[in-house]
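Numbering (my numbering), first residue to last: 51 to 242. By construction, the Cβ of each residue, glycine as well, lies at the ideal position given by its N, Cα and C atoms. Contents: one structure, followed by commentary.
Next comes the structure, spelled out in structure tokens:
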């Protein structure tokens with residue numbers, strides 16, 4: 051039996067994964083108690099995290115710059131960091147500054163296809179936009195969970211999430227409103 055793979059990503063309404071400049075802050079400053087509790091619930095179940103090199107470097111940099119006790123580390127982030135993690139990279143070297151991480155050198159499509167066959171727990175990736183674009187194009191993503199924050203970052207938007215992605219049809223599996231105006235949408239993708 052093949053393990054499921056969920057691509058989890060945060061987005062502005064106009065499709066950006068982050069904003070540069072300005073005073074947006076993390077979560078575009080829109081997080082509330084429902085979002086944070088739900089994220090903790092999502093990342094407290096048995097699963098394996100899969101990260102690309104760029105996202106992994108960003109997370110490690112944030113952890114080392116801010117320190118483990120920083121207010122940036124909401125409980126769900128701490129739970130995510132302590133999940134068994136596979137980092138797909140041909141540029142990083144071990145040891146990795148992560149509690150339970152294994153680095154795998156190779157093409158993400160091959161690595162995730164193998165993990166899906168071997169894993170006895172679901173697989174999940176938070177961010178890792180470029181890696182997940184290639185996994186979607188290969189048909190390896192079972193669910194896309196996008197959390198849409200109520201902002202448009204037309205001037206400061208950075209990291210367009212789906213720019214250059216394959217054409218994909220989406221079937222809505224679940225929709226949830228958190229903290230009155232944050233939408234979490236879970237879709238089953240099918241290559242178009």
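Assigned exposure category for residue i - 16 Cβ within 10 Å defines buried
i           : result
residue 136 : buried
residue 201 : buried
residue 105 : buried
residue 234 : buried
residue 97  : buried
residue 223 : exposed
residue 241 : exposed
As assigned by DSSP and simplified to three states, the class of residue i
i           : result
residue 62  : strand
residue 102 : strand
residue 53  : coil
residue 170 : coil
residue 79  : helix
residue 194 : strand
residue 125 : helix
Residue i beta carbon near the ligand ZN (any heavy atom closer than 6 Å)
i          : result
residue 91 : This structure lacks the ligand ZN, and indeed carries no ligand of any kind.
Distance, residue j Cα to residue i Cα
i           : j           : result
residue 220 : residue 239 : 5 Å
residue 80  : residue 171 : 31 Å
residue 231 : residue 179 : 24 Å
residue 199 : residue 228 : 10 Å
residue 212 : residue 196 : 12 Å
residue 54  : residue 185 : 13 Å
Beta-carbon proximity check, residue i vs residue j, cutoff 7 Å
i           : j           : result
residue 162 : residue 190 : yes
residue 181 : residue 216 : no
residue 77  : residue 130 : no
residue 144 : residue 153 : yes
6 Å Cβ shell around residue i - same chain, five flanking residues per side excluded
i          : result
residue 89 : 126
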